[in-house]
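Read through the structure below, which is laid out as structure tokens, and then see the notes.
Numbering (the UniProt record's numbering), first residue to last: 1 to 198.
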């Protein structure tokens, strides 16, 4: 069973084995969260060119077939090739080297799975069906993105200020003030903050 956890991947090396659409999506997400990604594949889809332009030194390529020598001393490995046999070999090699691996076509051979993610600055929500029906995760993510779109970085920073002020000056009204704050749009929240400071 998979335990949900948030891992700091900033500047940690992640190898994505494969150069297709799935490899691209995995690489893009790891780069979004600050990881350093190495793509290991003899060739890659065109989309990687734009990704390289955007992330420059954080994204690099090894144009070769999979070999165990490339995964030594990496933080995570994603096996996203079109070959079940190669993906399974990657899983076996990672186990030998005590490296966590995600095998995109085999949940049972994976040490972790990657959830569907909403990343809205300071608000990160992950959704998973534990690999049983990823389309449901995508559907929930789409619904939640719409529902919680107002919670951007500025809004969350204001909520944090509200929280500190309530705990400092209005502790007797904590729950009702927090509930009220969440119902406001950003301009109303700024007004509330001014009132709480008085």
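Note that CB positions come from ideal geometry on N, CA and C, so glycine has one too.
Close Cβ partners of residue 199 (< 6 Å) along its chain, the five nearest in sequence each way excluded: Nothing about residue 199 can be reported from this structure: the residues present for the chain run from 1 to 198 only.
Residue 81 burial status per 10 Å Cβ neighbour count (16 or more: buried): Your numbering for residue 81 matches position 81 in the chain shown. Per the 10 Å Cβ criterion, buried.
Secondary structure of residue 91, DSSP reduced to three states: Residue numbering aside, residue 91 sits at position 91 when the chain shown is read from its first letter. Three-state result, residue 91: helix.
contact_flag[the region 95 to 109, the region 37 to 57] where n(CB pairs < 8 Å) is 3 or more: Judged by Cβ distances under 8 Å, the region 95 to 109 makes no contact with the region 37 to 57, as fewer than three pairs qualify.
Residue range of the unbroken alpha helix (DSSP H) whose run includes residue 167: If you number the chain shown from 1, residue 167 lands on position 167. Element bounds for residue 167: 153 to 169.
Secondary structure of residue 6, DSSP reduced to three states: The residue you call residue 6 lines up with position 6 of the chain shown. The three-state secondary structure of residue 6, taken from DSSP, is coil.
Spatial neighbours of residue 9 in its chain, beta-carbon cut-off 8 Å, leaving aside the 5 residues before and after: Residue 9 sits at position 9 when you count from the first residue of the chain shown. The residues are 30, 33, 34, 35, 75, 76.
Check whether residue 66 and residue 86 have beta carbons under 8 Å apart: Along the chain shown, one-based indexing puts residue 66 at 66. Along the chain shown, one-based indexing puts residue 86 at 86. Yes, they are a contact pair.
Status (buried if at least 16 other CB within 10 Å, exposed otherwise) for residue 4: Position 4 of the chain shown, counted from the start, is the residue given in the question as residue 4. Exposed.
Short Cβ contact (8 Å threshold) for residue 117 with residue 145: Numbered from 1 along the chain shown, position 117 holds the residue referred to as residue 117. Numbered from 1 along the chain shown, position 145 holds the residue referred to as residue 145. In this structure, the beta-carbon distance from residue 117 to residue 145 does not fall below 8 Å.
Residue environment, residue 182, which counts as buried when at least 16 other CB atoms sit within 10 Å: Locating residue 182 in the chain shown gives position 182, counting from the first residue. Counting Cβ neighbours within 10 Å, residue 182 comes out exposed, since fewer than 16 surround it.
Beta-ladder partner(s) of residue 43, from DSSP: To locate residue 43, count along the chain shown from 1; it is residue 43. None; residue 43 has no bridge partner.
Segment limits, beta strand (DSSP E) that includes residue 17: Here residue 17 refers to the residue found at position 17 of the chain shown. Residue range 13 to 17 is occupied by the beta strand (DSSP E) that includes residue 17.
Cα-Cα separation, residue 189 to residue 179: Counted from its first residue, the chain shown places residue 189 at position 189. Counted from its first residue, the chain shown places residue 179 at position 179. A direct Cα-to-Cα measurement between residue 189 and residue 179 gives close to 12 Å.
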